[in-house]
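Per this note's numbering, the sequence shown starts with residue 268, numbered consecutively.
In this text, a Cβ means the ideal position worked out from N, Cα and C, and glycines have one as well.
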Amino acid sequence: MVIHHPLRYTITLIYKVALLLIALILLDQEYALTQGNNRIVDEGVSSVTNYRTSILPNHIDVEQSTIIKYDTINSPVPNFGIQAGKCLLLFGITAKQTLNDQELYGYIDYPLLDTIRVYEVDSTYLSDMDAGIPSSVINPLFESGESVAFNKRNTGVPGYIFPLGIKDGQRKSFLMEVSSGEQIVVPLVVGTRSVLEAKLATRELFYAIYLGIIVVMIVYNLFIYLSVRDVVYIHYVLYILTVGLTQLVISGFANKYFWPNSSNIAILASAIVPIASGIATIGFTRSFIQIKKYAPFIDKLLIFYFVSYLVSALCAISGNHFWAQIIINFNAASALILLPAAIKAIRAKYRPARFFIVAWTIFLIGVTLYALRNFGILPFNNVTNYALPIGSALETVLLSFALADRINTFKKEKEESQRQAMLVMEENSRLISEQNVKLELMVHERTVDLERTNNELNHTVQDLKMTQKQLVEAEKLASLGQMTAGIAHEINNPINFVQSNILPLKRDVDDILGLLESVSGLEPGEGSADKINDIKKQYQTLDMDYVKVEIGQLMEGIEEGARRTAEIVKGLKVFSRVDRDTHVNGNINDCINSTLVVMKSTIKGQVTIVKNLQEKMPGFHCFPGKLNQVLMNIITNAIQSTEGPGKEPSDRVIEINSRFDDNNIIFSVKDNGTGIDDSVRPKIFDPFYTTKGVGEGTGLGLSIVLGIVNEHQGRIDVESEPGKGSIFTITLPRHVNSISQAAA
C-alpha cells in the first residue's frame, strides 16, 4: 500500500529506522561478552568488582596524607556528570588462570577526559568502605588525558590503554582519578592487549570510512553550489564539516590526526567544535527549512540559542569549560524544536522538509543512544558506540538527497513561474495590440488637433510679431515725435531771430535805396543846388551812421540764426541718417554729439550734461542711426530717473563717457538718479516691462537697446545702487566683418 500523506510517510520511515536500530542493539547484545555489571572483552578476566566513587575538590591531591571516603555504585559505566572537581573511582580486578602468562590491560573508551591517573592500592583496604584509603598505600601506575599532547602518549590510540600488571589468577585493586570540563564518563574495558588492539583497529577502520563519507559529501555539495549558486549549500557544507569534526573530537581521532602536538587545542576543541556545530546547525536549518517563513516563533528561539552558543564559546575561550558545557547541554534542546518547525513546513506543502524530518530523526536517535550509553542505561557495544557517527552519516546522505530534491522543487517552481510568465506575456501582448490600435486612433486624432493648434499658434505668432513690430515702430515714432518737437523748438528760435531782423533791415535798405534814387536823379543845371540841399537834409534825417551800425547788427543776427539753423540741420542729418540698413564707418563721439543736439530742448534746463569723450576716437563699422537711438533711449531713461521734487538742474547730473582699447569701443551713460533695485534688474531688458504708470511708457525702450547692441555683437552691462544712480556701459567690437549679416 502506498502512503501519500507526507507526515504519515515520515512517521512510518522513522518507525522502521527505530526498529532497525533496536534489532542491531539486540544482536550486538547477543554476542557481547558480559559478566554482571562488569565490561569484559576477553575470557581471561574473572571479574571487575567493588566499584566505589568519590569526588574531591581540585585543591586536594589523592597522594596527600588524607583519608578519602568512597560510595559504592552498581553501574558498569561510572557517570559523574559535569563536575568542577576530581572524580575518584576505586575497583578491583581478578584474572583467570587461563591467561597463559599474558598481562591484562585496561582501556578507557572516552577520549574527552582532560586528566586520568591510575594508582595501584593495597587490596586489604577494599573490604571496609567506611574506613577509606590512606594516601600512603597509593602507588602511581599510569597518567594521561587530553592535557597530555597525543604525540607524548605511549599508546598511539585515541582512548587510554594502560597495563594493569595482572597475570594468571592474580587480583589487584586500583584507584583512578579523572577530571574534565565535559561530562565525566569512565567506560573501563579490561582484556589482553591483543584483543584490545584488534577492537581498536576495527574502530579506526570505521572512523576512516566515516571520514571518507563526510569528505565526499563536502566535495559533492561544494560542486553543486558552484553549479547552482544557492547559499544553502554553503550552510550545509559548514554543517557537515562541523558535525564530522565533532564526531572525530568525541572519538579522539581529531587529537591524533589534526593537533597531535598541542594539548591546549585538544582541550579547547572539545568545547569549541560542538559549539561551532550547533551554530552551523542553526544556520543551515533556518536556511533549508525556511523557518523564518513557516515557523517564525521557532525562528526567534533559534536566534536565542545562537546567542547562547556565542556565550558558551566565550566561556570556553576564557577557560571556564564547566559553564561552557552547562550551556552546551542546555542548547541541545534546540535540536528538538527543529522537528515541529519541519512539520509546519510540511503542512505548508514545502517538500524538502519531509527529507529533513527523516534525516534529523535518525540523527536524534543516534544522539539518544549515545546519551543513554553514557548514562549507563544502555550497554557499551558496537551499536551504542557507533550510533552517533552512523546517525550523522545517514543524516548527511539523506540531507544531500533533500537538497537535490530542493533543486527539483526549484526547477518545477521555475518552470511554473516561466509558464505563468508566458501566459502573462501572451495576455500582455494581446492587451498591447488592442492598446496600440486605440493609441494609433488617439494619436491620429491628437495629431489633427495638434496640426490645427499649430496653425492657430503660427497665426498667433505672426500676429504677435506684427504687433511687436508695430509697437517697436510706435516706440520709434514716439521718440521721433519727441525729437521732432524738440527740433522744431530749436529751429524756431533762430528762424524767429532771422525773421525779426529782416523787417528793420528791409526798412533800412529801403531808406538807403530812396536816398540813392534821389542822388541818381540829380543833374547839373538850374535847380541843382536846391536838390543837393534836399538830398543833404534827407541824409541828415536818415542818420546814416546809426543805419550802418544797425544794418551790421541785423546782418550778424541773421548770420547767427542761419549758423544755428545749419548746426541743428547738420546734427539732425547725422542723427537720422538713411544708412540704417547698412553698416558704415562711424564715430561714437559724433553719435553722442548729434544725439545731444537733437535732445537739446529736452535736456536744456532739466539736467547737467558732463561729457568725457576720449579724443581721436577711431571709427568702426556700425549703424550710426541705430546707435543714436540707443543713446537717446538711455539718456531719456537717465533724465527720468533723476527727476524729483525740488531738484535743480545742477543736482541732476548725467555723465557721458567714451573710450577705446585695441579691440573695443566703449561708451557709458551714468546718472545720479534713483537707481535700480536688485529684484528688478534682471527684468529691465524684457519687452513691455516698465516701472512707469499705466499709459506712461510701452516698456520697449531698453528692449530695443538690447536688440541693437546684439546686432553689433556687443554687450551691455548695468551697474546700479538704489538711491545712488546707475551706469549703463556698452562695449562694441571694433573689428567685425559680419555685422551686416548679424543685423540681417
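Exercise for review: Note down the Cα distance separating Asp857 from Asp716, rounded to an integer number of angstroms.
Suggested key: 56 angstroms
Practice item. With DSSP as the reference, label Tyr427 as helix, strand or coil. Key: strand
Check your understanding: Can you tell me the Cα-Cα spacing of Val499 and Leu666, whole angstroms?
Key -> 12 angstroms
Check your understanding: What three-state label does DSSP hand Arg919 in the structure shown?
Key -> coil
Point to revise | Spatial neighbours of Thr651 in its chain, beta-carbon cut-off 6 angstroms, leaving aside the 5 residues before and after | key: Leu636, Arg640 and Leu645
Exercise for review: Determine the burial state of Leu442: buried for a count of at least 16 other Cβ atoms within 10 Å of its Cβ, exposed for fewer.
Suggested key: buried
Check your understanding: If you run the structure through DSSP and keep just helix, strand and coil, what is Asn406?
Key -> strand
Check your understanding: Can you name the start and end residues of the beta strand (DSSP E) that Tyr617 belongs to?
Key -> Note, Tyr617: premise wrong, no beta strand (DSSP E); not H, not E.
Review point. What residues match up with Pro1000 in a beta bridge as DSSP calls it?
Key: Asn931
**Study point:** N-terminal and C-terminal residue of the beta strand (DSSP E) that Glu444 is part of
**Key:** Arg438 to Ser446
**Study point:** Nonlocal neighbours in the same chain, by C-beta distance under 7 angstroms from Glu817, ignoring five residues either side
**Key:** Pro771 and Asp775
Practice item. Please confirm whether Phe622 and Asn522 have their CB atoms less than 8 angstroms apart. Key: no
Review point. Are the beta-carbon atoms belonging to Val516 and Ser537 less than 8 angstroms from one another?
Key: yes
Point to revise | His726 - DSSP class collapsed to helix/strand/coil | key: helix
Practice item. Could you tell me the distance, in whole angstroms, from the CA atom of Ile340 to the CA atom of Pro324? Key: 20 angstroms
Check your understanding: Between Phe573 and Ile539, what straight-line distance do the alpha-carbon atoms span, to the nearest angstrom?
Key -> 14 angstroms
Check your understanding: Smallest Cα separation from Gln557: which of Ser700, Ser868, Ala609 and Cys889?
Key -> Ala609
Point to revise | Range of the contiguous alpha helix (DSSP H) that encloses Thr903 | key: Pro891 to Ser908
Practice item. Flag this pair as touching only if the stretch 441–459 and the stretch 548–568 have three or more C-beta atom pairs under 8 angstroms; answer yes or no. Key: no
Check your understanding: Apart from the five residues on each side of it in sequence, which residues of its chain come closer than 8 angstroms, Cβ to Cβ, to Pro527?
Key -> Ala416, Phe417 and Asn418
Check your understanding: Going along the chain, which residues of its own chain have a beta-carbon closer than 7 angstroms to the beta-carbon of Arg615, five neighbours each way excluded?
Key -> Per the sequence shown, residue 615 should be read as Ala rather than Arg. Answer for Ala615: Tyr561, listed in chain order.
Exercise for review: Alpha carbon to alpha carbon, how far is His979 from Val845? Give it in angstroms, no decimals.
Suggested key: Interpretation of Val845 is limited by its pLDDT of 41, a score under 50 that renders its predicted location unreliable; the figure taken from the coordinates is listed afterwards. Rounded to whole angstroms, Val845 to His979 spans 18 angstroms at the Cα level.
Exercise for review: Taking 8 angstroms as the threshold, find out whether the stretch 872–888 comes into contact with the stretch 921–937 through three or more Cβ pairs.
Suggested key: yes
Practice item. Please list, in chain order, all residues of the same chain as Ile375 whose beta carbon is under 7 angstroms from its beta carbon, the five residues on each side excluded. Key: Ile383, Gly426, Tyr427, Val453, Pro454 and Leu455
Point to revise | Spatial distance of Ile779 from Lys867 (CA atoms) | key: 40 angstroms
Exercise for review: Scan the stretch 519–546 and note each continuous alpha helix (DSSP H) run of 4 residues or more that stays entirely inside, going in chain order.
Suggested key: 520–524
Review point. Between Ser917 and Thr869, is the Cβ-Cβ spacing less than 8 angstroms?
Key: no
Review point. Under 8 angstroms, do Thr996 and Ser935 count as touching if we go by C-beta distance?
Key: yes
Check your understanding: Do you know how far the Cα of Asn649 is from the Cα of Ala299?
Key -> In this prediction, Ala299 has a pLDDT of 37, which is less than 50 and means its spatial position is unreliable; what the coordinates show is noted afterwards. For Ala299 and Asn649, the distance between alpha carbons rounds to 9 angstroms.
Practice item. Grab me the residues of Ile859's own chain with a C-beta within less than 8 angstroms of its C-beta, minus the 5 sequence neighbours each way, in chain order. Key: Lys878, Leu880, Leu898, Ile923, Ser925 and Phe934
Review point. What did DSSP end up calling Asp716 once you bin it into helix, strand or coil?
Key: helix
Review point. Is DSSP giving Arg496 helix, strand or coil here?
Key: coil
Practice item. Using 10 angstroms around the beta-carbon of Thr320, count the other beta-carbons present and answer buried if the total reaches 16, otherwise exposed. Key: buried
Exercise for review: Throw me the rounded Cβ distance for the Ser585 and Ile542 pair, which I believe falls under 8 angstroms.
Suggested key: About 13 angstroms; that fails the 8 angstroms criterion.
Check your understanding: Is Glu444 closer than 8 angstroms to Leu355 when the C-beta atoms are compared?
Key -> yes
Review point. Expressed to the nearest angstrom, what Euclidean distance is found between the alpha-carbon atoms of Pro407 and Gly373?
Key: 15 angstroms
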